[in-house]
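Residue numbers (full-length UniProt numbering): 1 to 527. From the three backbone atoms N, C-alpha and C, an ideal C-beta is built for every residue, glycine too. Some notes on the structure that comes next.
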C-alpha cells in the first residue's frame, strides 16, 4: 500500500481513539474507531475506487502486518508463569514472609519502587514481573492498584532510557547510528543521560510520593478508596478469581527460583541472540551483544525456560499435578488476552499513522521549522516528541523518527545543543508514551498490577504532566544557557520542588487518613 501524506488529518485517528477512551473508559471500541477513521481517511484521500471496502481491507491487512507475535507470545507465556506461581503457593508464602519483614505501608511501596528500579534491562519484563511479585504485598497494606501501576510504569521506561545496558539503550544506539554524526553511538547515548530530565524527575517523583505517602489529583481518590477498604470491591471488578487454589505446601523458593531463572535466562538469551558467543568479535561484549539482539525473541525463550523450571520444581514434589499445571498455564494465558488485544489494536493504530498517513512527515515540518527558534529548540523538540509519542503510543517509534531529524537540526542551529536536543527527544518520547492510553508499556503496567487500564491512565496523567512542565522549564534554561547542565538541571529542580511545596498542604496525607479511620473504627466498635 502506497502511503498518503494526509497532513493535519494524520493526527485525527489517535486523537479520536484517545478522546473516546478518556470519555467512555472503554479501550477496545475506542481504538477500533480510531483505526477505522484512519483507514477511511487513507482510502478516501488516496482516491480508492471503492473507499468503504478499501478502508476495511486496509484495517485487516495492517492488523496482520503490525503485530509483533513474539511480544504477544512473551506476554502469554508470562501470564502462564504468573498463574502457576500462584498455584504453587510460593506467591502466598512470599506475601506472608514479606508482611513479617515489611511492617508498614510506606515500606511496601518503597520495596516495589526498589524492585522496579533494579529490573532495568527491559520495560516489558519490568512491568509484568514487578506487578506480579509485589501485588500481594501492596494489597495487604491497602495500596491502590492505581498506585502500584503508576510506580511500575513510571519506573520501568525511565530506568530503561537512562540505563546504558538495556533494550532501550540498544534501540537508541541504532537510531543514533543512522545519523552518522557521532564517533561513538554508545558514548553519545551516555552523554544524553544527565539531560534526560523527564526520566530523572519521574524517578524522583515516584521516590518522593513513596517516601511521603502523599498524593494529589485522581490518585488521591484511588488511595482514599483503597484505604477505606473498598479495594476488595475494586479487585472483584477487575481481577478474575483463580480457578485453582494455591498449594499449602509451597515455599518462597517456589516463587523465587522460577523468577530468578527468568532473569538469568533473559540475560543469557540477550547475549546469545546478540552474538556474544558468535563468530563476529564485534559482539563479544555484553553491551554490543545487547545492542544486536532481538529482545522480544530472547524474552520468549526466557519465559518458556522459566515455565520449564517451575514444572520441574512442582510436579515431582507433588505440589501441583501435571494435569493441573497444564490447566493453570492455559488459565494464565487467558488472563493475558485483554492486554494482548489492546496491544494488537494499539500497534495497528500506530501503523495507520506511521505507514499510511505519514504522521511523521507532518511532525517533521514542525521540527524543521524549529531552525529559526534557536534558544527554544530543545523545548520545541521535547513537546513535538511528546505529542508524536502520545499520538502513536510508541516511544521507540518516536525517537526512531525524530533522532535522525533533531540531531542534524541541532548541529546546524547550535552545536552546543546537540546532546540537549537528543535528550529532549528521548525525554519527550517517554513522556508521550506515559500519557498515551494506547502505549504498550501503559497497557502492560495495568495488566501487571491488575488495575483497570483507564483508571491507570487517568491517575497517572497529572503526575506525568507535572514532570513534563518542569522539563519545559529545564529545556528552556538549557537553550538559553547553551547547554549548561548545572543551570538547566537547577531550573528543573526549582520548578519541581516549588510545585511540591505548594501542593504539600493540598495533597492527600495517608497517615492522617489512617488515623482518622482508626478513630472511626474504634467509635463504631464502642457503639
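From the listed residues 209, 87, 444 and 194, the smallest Cα separation to residue 113 is found for 209. Within the stretch 425 to 473, the runs of alpha helix (DSSP H) that reach at least 4 residues and sit entirely inside it are, in chain order, 440 to 449. With a cut-off of 8 Å on Cβ pairs, the stretch 328 to 340 is not in contact with the stretch 279 to 295, counting fewer than three such pairs. The stretch 87 to 106 makes no contact with the stretch 29 to 49; the number of CB pairs closer than 8 Å stays below 3.
Within 10 angstroms of the beta-carbon of residue 211 lie fewer than 16 other beta-carbons, which makes it exposed.
Boundaries cannot be given for residue 320, as no alpha helix (DSSP H) includes it and DSSP labels it neither H nor E.
Residue 503: member of the alpha helix (DSSP H) spanning 485 to 503, first to last residue.
Here DSSP, grouped into helix, strand and coil, assigns residue 92 to helix.
With a contact defined as Cβ atoms closer than 8 Å, residue 474 and residue 488 qualify at about 5 Å. Residues 406, 421, 424 and 425 of the same chain have their beta carbon placed closer than 6 Å to that of residue 381, with the five preceding and five following residues left out of the count. Between the beta-carbon of residue 270 and that of residue 298 there is about 5 Å, and that keeps the pair under the 8 Å contact cut. Comparing alpha carbon positions, the residue from 436, 388, 392 and 377 closest to residue 415 is 377. DSSP, reduced to helix, strand and coil, places residue 99 within a helical segment of the structure shown. Contact between residue 451 and residue 149 holds, with the beta-carbon distance rounding to 4 Å and staying under 8 Å.
Per the coordinates, the alpha-carbon of residue 353 lies some 6 Å from the alpha-carbon of residue 10.
The beta carbons of residue 152 and residue 116 sit about 6 Å from each other, so the pair counts as a contact at 8 Å. Of the residues 500, 259 and 453, the one whose Cα lies closest to the Cα of residue 439 is 453. Just so you know, the alpha carbons of residue 118 and residue 256 end up roughly 16 Å apart.
Cβ-Cβ distances below 7 Å link residue 464 to 431, 434 and 435 in the same chain, with the five nearest sequence neighbours on each side left out; the list follows chain order.
Taken through DSSP and simplified to helix, strand or coil, residue 225 comes out as helix. Taking C-alpha positions only, residue 36 is separated from residue 56 by approximately 7 Å.
Between residue 389 and residue 359 the beta-carbon gap is near 11 Å, outside 8 Å, which marks them as no contact. Counting only residues of its own chain and dropping the five nearest sequence neighbours on each side, residue 283 has a CB closer than 7 Å to the CB of 274, 275, 276, 289 and 292. Remark: C-beta atoms of residue 249 and residue 193 do not approach each other more closely than 9 Å. For residue 224, the closest alpha carbon among the candidates 457, 60, 132 and 147 is that of 147. Between the alpha carbons of residue 81 and residue 226 lies a gap of roughly 28 Å. Cβ atoms of residue 445 and residue 74 stay farther apart than 8 Å, at about 15 Å.
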